[in-house]
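Trainee:
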Amino acid sequence: MLLALISSLSAIFCTSEISFVIMMAFALVWLCLAGQVRKALLFALIYGVLYGLSLLMMGITPLSTLWLFANIARHLLIPISFLVGITDRPTGTLLAVFSKLHAPKSLGIATSVLLRFIPTIHTEFSFIRNSLKFRGIGLSVGQTLAMLPRMFEYL
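Position one of the sequence shown corresponds to residue 41 (my numbering), numbered consecutively onward.
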């Protein structure tokens, strides 16, 4: 949890590109040591694609918004990769970390409950999305926006 907090702050305050690469490498090593090699490879691939896109689009004025999105997404990928390693840990481990940090017990309990429900929310969202696709709503982003009033009927 402390690593996620530190990486979030580094994504905001660091200015050199090498520091972001080092933090991402550290996050990938941490995921590999936690036994989540597939997730580490996925994050490395996403980071590499976003890094390549940001290098290709640098200085091209019509693509400046897309370049900004690629940079922000790449920098936010660092704390997300740390948090992915935390979500499958036992609740007692998270509470022990909060007690070592001398944080209030209520903060530790609230955070552990939040992290426990993320997979449930993801599953429920995918069920809702699949049922909307079955009804012919939400097959693409444009169609979803066009059919927004009809979609609320099914929710």
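Glycine included, each C-beta is placed from N, C-alpha and C at the ideal position.
Look at residue 174 and residue 118 and say whether their C-beta atoms are less than 8 Å apart.
Mentor: Along the sequence shown, read from residue 1 onward, the residue named residue 174 stands at position 134. Along the sequence shown, read from residue 1 onward, the residue named residue 118 stands at position 78. Taking 8 Å as the Cβ cut-off, residue 174 and residue 118 do not qualify as a contacting pair.
Trainee: In whole angstroms, what separates the C-alpha of residue 95 from that of residue 58?
Mentor: Residue numbering aside, residue 95 sits at position 55 when the sequence shown is read from its first letter. Residue numbering aside, residue 58 sits at position 18 when the sequence shown is read from its first letter. Computed Cα separation, rounded: 14 Å.
Trainee: Kindly list the residues whose CB is nearer than 7 Å to the CB of residue 98, restricted to its own chain and excluding five residues on each side of it in sequence; keep chain order.
Mentor: Along the sequence shown, read from residue 1 onward, the residue named residue 98 stands at position 58. Taken in chain order, the residues that qualify are 107.
Trainee: Note down the Cα distance separating residue 104 from residue 93, rounded to an integer number of angstroms.
Mentor: For the purposes of this step, residue 104 is taken as the residue at position 64 of the sequence shown. For the purposes of this step, residue 93 is taken as the residue at position 53 of the sequence shown. Going by the C-alpha atoms only, they are around 11 Å apart.
Trainee: Do the CB positions of residue 83 and residue 73 come within less than 8 Å of each other?
Mentor: On the sequence shown, residue 83 is found 43 positions in, with the first residue counted as 1. On the sequence shown, residue 73 is found 33 positions in, with the first residue counted as 1. Against a cut-off of 8 Å, the Cβ pair of residue 73 and residue 83 comes out as no contact.
Trainee: Can you have a look at residue 169 and say buried or exposed, based on whether 16 or more other CB atoms are within 10 angstroms of its CB?
Mentor: Taking the first residue of the sequence shown as position 1, residue 169 is located at position 129. So residue 169 ends up on the exposed side.
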